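Numbering (this note's numbering), first residue to last: 194 to 463.
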C-alpha cells in the first residue's frame, strides 16, 4: 500500500515536476520536504500539515505553499509569458533587420550597432540565441526551461543592480565635477547592463563635459580611444535605437529619454 502511494507520487512528479503543494522559494513540493525530514515511509509523516513550507531553507521566512491548482496555473502562465517574449523578440529583430536592409526608416546619424552583442538581443552569457518553442507545462522540457528562465532572470537582475551601483558612483563623480571618473563609472555599468538608457545618456553627458578629450571604450572586444563628442553621439544614437526598435517609442520614460538623446547628440555635434 505504501509503495503504491509512493508510485502515484512519483508518477505525478514525473509529469508535473511536483506533487501536492509547492514552495516557490525552495522549489520543492511538500512531499519532498516530508521525505527529507522524516524519510520515505509516509506512515512516519505528521498527519496535520501547515500551509507554510517547513523545509530548513524556509523556516525563518515563512513561505506559504501554493496549492496544486495555483502551481499549475503558475506554470501555464509561464508558458504564455514565454510565447509573448518569443514573439516580442522576433518582432524586434524583424524591425531591425528590415530597417537595416531597406534603410527606409533610417534617421540621420542613427548608430550602426551590431545588436547581437547586446544582452537585449543575445546575452553574451546565455547559451542560446533564440527562445525555443514553449513546451507544455506537464513535461520535463518545460521544467528544464523554467529553471533556465529563473536563472536568467536572477542573472539579469544581478547585472541590473551592478549597473545601478556604477550609475550612482558616476552620478556622484559628475556632481563633484569629475566627468572623466564619471565616464569610467558609466562605462563599467554598461559592461553589466548594456541596454540601460540611463547609463548611456549619463555617459553621453559626461562625454560632453570632457570637451572632446580622448576616452577609452570597449568596441568589438578591444579597448580603443575615441573623442568624447563622437562617443556621446554614438551613445545617444543607441538610446534612440532602443526606444524605436525595442520599445516602439512607447512606455515609461521612453519619451523623456528620446528628448535627452536628441538634445545631447545635437550638443555633441555642435
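Glycine included, every Cβ here is placed at the ideal spot set by N, Cα and C.
Note that the structure is a prediction, hence the values are computed from the model and not measured.
Throw me the rounded Cβ distance for the residue i and residue j pair, which I believe falls under 8 Å.
i, j, result
"residue 248", "residue 221", "6 Å"
"residue 462", "residue 433", "About 14 Å separates the two Cβ atoms, so there is no contact after all."
"residue 397", "residue 416", "Residue 397 to residue 416, Cβ: 19 Å. No contact."
"residue 394", "residue 454", "6 Å"
"residue 256", "residue 217", "7 Å"
"residue 425", "residue 458", "7 Å"
"residue 285", "residue 439", "5 Å"
"residue 223", "residue 252", "Contact doesn't hold; Cβ gap of about 14 Å is too wide."
"residue 419", "residue 380", "Going by Cβ atoms, the distance from residue 419 to residue 380 rounds to 12 Å, so no, they are not a contact pair."
Report the three-state DSSP secondary structure of residue i (helix, strand or coil).
i, result
"residue 215", "strand"
"residue 490", "Examination of residue 490 is not possible in this model, given that the chain is present from 194 through 463 alone."
"residue 407", "strand"
"residue 437", "helix"
"residue 250", "coil"
"residue 364", "helix"
"residue 423", "helix"
"residue 313", "Since pLDDT at residue 313 reaches only 35, below the 50 mark, its modelled position is unreliable, and the value read off the structure follows with that caveat. Residue 313: coil per DSSP, three-state reduction."
"residue 299", "With a pLDDT of 49 at residue 299, under the threshold of 50, the predicted position of this residue should be treated as unreliable, and no value is reported."
"residue 359", "helix"
"residue 340", "helix"
"residue 346", "helix"
"residue 444", "coil"
"residue 351", "helix"
"residue 237", "helix"
Since residue i is in the alpha helix (DSSP H), which residue starts that stretch and which ends it?
i, result
"residue 195", "195-209"
"residue 467", "Outside the displayed range of the chain (194 to 463) lies residue 467, so it cannot be described from this structure."
"residue 229", "223-231"
"residue 455", "447-462"
"residue 220", "Unbroken run through residue 220: none, as it is neither H nor E."
"residue 395", "390-402"
If I measure Cβ to Cβ from residue i and keep anything under 6 Å in the same chain, skipping five residues before and after, which residues do I get?
i, result
"residue 389", "356"
"residue 421", "400, 403, 405, 406, 408"
"residue 319", "Low local confidence applies: a pLDDT of 36 at residue 319 is under 50, so the model's placement there is unreliable, with the coordinate-based value given in what follows. Same-chain partners within the cutoff: there are none."
"residue 237", "231"
"residue 364", "none"
"residue 225", "none"
"residue 362", "378"
"residue 202", "212, 224"
What does a CB cutoff of less than 7 Å around residue i pick up in its chain, not counting 5 residues either side in sequence?
i, result
"residue 297", "The predicted model places residue 297 with a pLDDT of 47, which falls under 50 and marks its position as unreliable; any figure quoted below should be read in that light. Taken in chain order, the list of residues that qualify is empty."
"residue 290", "none"
"residue 264", "211, 215"
"residue 260", "214"
"residue 311", "Because residue 311 sits at a pLDDT of 38, beneath the cut-off of 50, its placement in the model cannot be relied upon, and the following sentence gives the value as read from the coordinates. Around residue 311: 387, 388."
"residue 339", "271"
What are the partner residues of residue i, as DSSP defines its beta bridges?
i, result
"residue 245", "257"
"residue 417", "410"
To which residues of the same chain is residue i closer than 8 Å at the C-beta, ignoring the five residues directly before and after it?
i, result
"residue 199", "233, 235"
"residue 301", "Reliability of the predicted coordinates at residue 301 is poor, the pLDDT of 45 falling under 50, and the value obtained from them is presented with this limitation in mind. Excluding residues within five positions, none has a Cβ falling inside 8 Å."
"residue 245", "251, 255, 256, 257, 258"
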